[in-house]
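In our numbering, the protein residues as written are 2 to 616.
From the three backbone atoms N, C-alpha and C, an ideal C-beta is built for every residue, glycine too.
Quick caveat: nothing in here was measured; it's all calculated off a predicted structure.
Note sheet for the following structure.
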């Protein structure tokens, strides 16, 4: 949480707030049937037969469920059969005609360019009203992503269920490993060299997903199955598609040596090459056939100047090898899932980064806004699968994360104020801010201070400039100034806010922990430091009636100091916050309960006021 807020008020206006809470089971739709039967072959291919029946109990369900989507990969999937109809409340069936089954391309990703050969069959149900049922049944054949292996992850929909089963018909040559939570196993059946396994969903109500919690799959109901013996076997299958493509060619070797000419230190070479790939190879998501798990050859990626995460790691591996630095792809989940399943499923990983064993260094060359050697918030403290060795490892949980800011408000008799300030960012936020500024339209830059003031409830105009010094890759300074129309309603008496940063500082860091008054689900932990100093110079005809009391607290999670000092007509405010590392990246509800008293104390201080009045 602190990673998103405490580092830099410059970018905080551009970073989304904590993910909103999701409601629990939606009663508008009752899932009367949601059954799937997999017949899996020895080569990992399978035939999946699905049957779904939905009872639409409220009007809003018509919009939500009136169209149903079946995803198909055009190279891997074949739709074998499809039947659908509206079952009216009086028992009549209204068939879905071929004209009411549309084909829709998979939407382009909103976060990055994408090449994708996926498509959806869209079933548009006719004559649908409250009290009716939408029924559809279909079968599809799929070729294996990894030949000889099968994995599957099943999560329940957030609606009440009446019947939900998953059946896996597996040849004796494949051993099925299972992790089930909320799903009840039925005794397996054996017949003609095959075994049939069945799980039935427990049909229990699901609580809403709390704002800022870890992914539902980490703690909720799930059914995950795999024929991989272990994660090492999954790594071996992935590496078979990589090894030859990551070998350095003469062209790649020449480039690597040119970029690192005159550099003898291995870590410096690795940083140079990672940054070069980050800055010169455009990230494009590619999901064509088995392209979701098989990268392009490194030299092809270089020639194209674009590629997905697998292409990035393959190219960087080749460049590093050209200067005698061994590296490996590290498969990772970079969203808000922190738990690795007990069974090796492909869906546990959605991203690939680079690990350099000799330097014990992780780097993500797809992260355009992060310098080499830094990881994004969703990549820290995560389990990774190192594909060359097959070993499971963990990325560092700690990463330098600090901000230091100073502000001065000079108030006028009218209540208006002049603001001047500086801030220094230390750690991963330095390059992030440089990236944001490089890619921000001039109109947004011109209005940045204005918008930051508005976030603090103030109206005004100003400018912000990044320091030109780039000698320290993990440091970035900036200066800002503004004219505020009204900071205090003199002559008063009036309460004047004790802002020590405009946005994204201590106050926002504290608030980010409090989107929920009570927690029942795990949530990500973080660490970082911020120091903020602000001074308020008052007009001679204004006196201070009272000031907030100093605050000093320390517990397992936080170190916080706040002090207030009056010297003549100047009030000085200083706040220091350290969010401590507690040796884990996921906190539990008991942690939140223990944090709450300190959070409330710190929030009360951050919202405190100086009481002033005219003389």
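Listed in chain order, the non-local C-beta contacts of residue 131 below 8 Å within the same chain comprise 57, 58, 59, 60, 62, 63, local neighbours out to five positions each way being set aside. For residue 166, the enclosing beta strand (DSSP E) starts and ends at 165 to 172. Residue 78 has 143 as its beta-bridge partners, per DSSP. Distance from the Cα of residue 438 is smallest, within the candidate group 484, 468, 26, 415, for 468.
Contact between residue 371 and residue 403 fails: their C-beta atoms lie close to 16 Å from each other, not under 8 Å. Secondary-structure assignment with DSSP links residue 433 through no beta bridge to anything.
The beta carbons of residue 523 and residue 222 sit no closer together than 8 Å.
Taking the C-beta atoms as reference points, residue 409 is found nearer than 8 Å to residue 538. Residue environment analysis places residue 336 among the exposed positions, since fewer than 16 neighbouring C-beta atoms fall within 10 angstroms of its C-beta. Within the region 289 to 322, the alpha helix (DSSP H) runs of at least 4 residues that lie entirely inside it are, in chain order, 299 to 305. DSSP assignment within the region 503 to 539 yields the following whole alpha helix (DSSP H) runs of 4 residues or more, N-terminal first: 507 to 512. Under the DSSP assignment, residue 589 falls outside any alpha helix (DSSP H); it carries neither an H nor an E label. Under the 8 Å Cβ criterion, the region 491 to 504 counts as touching the region 449 to 458, having at least three qualifying pairs. DSSP places residue 35 in the uninterrupted beta strand (DSSP E) bounded by 30 to 41. Counting only runs of 4 or more residues that sit fully inside the region 321 to 360, no alpha helix (DSSP H) segment turns up.
Using a Cβ-Cβ distance cut-off of 8 Å, the region 415 to 422 and the region 439 to 447 are not in contact, since fewer than three pairs of beta carbons, one from each stretch, lie closer than that value.
Bridge partners of residue 363 according to DSSP: 356. Selection 75, 50, 528, 573 evaluated against residue 397 yields 528 as nearest (Cα-Cα). A residue is called buried once 16 or more other Cβ atoms fall within 10 Å of its Cβ, and residue 41 is buried on that count. Listed in chain order, the non-local C-beta contacts of residue 588 below 6 Å within the same chain comprise 524, 526, local neighbours out to five positions each way being set aside.
The residue among 558, 536, 511, 557 with its C-alpha nearest the C-alpha of residue 605 is 511. For residue 368, the closest C-alpha among the options 341, 345, 275 is that of 275. Taking the Cβ atoms as the reference, residue 594 lies roughly 17 Å from residue 212, outside the contact range of under 8 Å. For the options 399, 424, 97, the alpha carbon positioned closest to that of residue 479 is the one of 424.
Its chain contains 528, 557, 558, 559, 560 as the residues whose beta carbon lies nearer than 8 Å to that of residue 581, once the 5 sequence neighbours on both sides are disregarded; these appear in chain order. For the pair residue 180 and residue 152, the Cα-to-Cα distance works out to about 11 Å. In this structure, the CA atom of residue 31 is about 12 Å from the CA atom of residue 165. Taking the C-beta atoms as reference points, residue 613 is found nearer than 8 Å to residue 545. Here residue 489 has 412, 416, 495, 497, 613 as same chain residues with Cβ atoms under 7 Å from its own Cβ, once five neighbours each way along the sequence are excluded. DSSP, read as helix, strand or coil, puts residue 410 in strand. Non-local C-beta neighbours of residue 553 in its own chain, meaning closer than 6 Å and more than five positions away in sequence, comprise 562, ordered along the chain.
Where residue 421 is concerned, the enclosing beta strand (DSSP E) starts and stops at 418 to 428. Here DSSP, grouped into helix, strand and coil, assigns residue 65 to helix.
DSSP, reduced to helix, strand and coil, places residue 267 within a helical segment of the structure shown. Apart from the 5 residues on each side of it in sequence, residue 147 sits with its Cβ closer than 6 Å to the Cβ of 238 in its chain, given in chain order. Closest by C-alpha distance to residue 160, out of 207, 462, 483, is 207.
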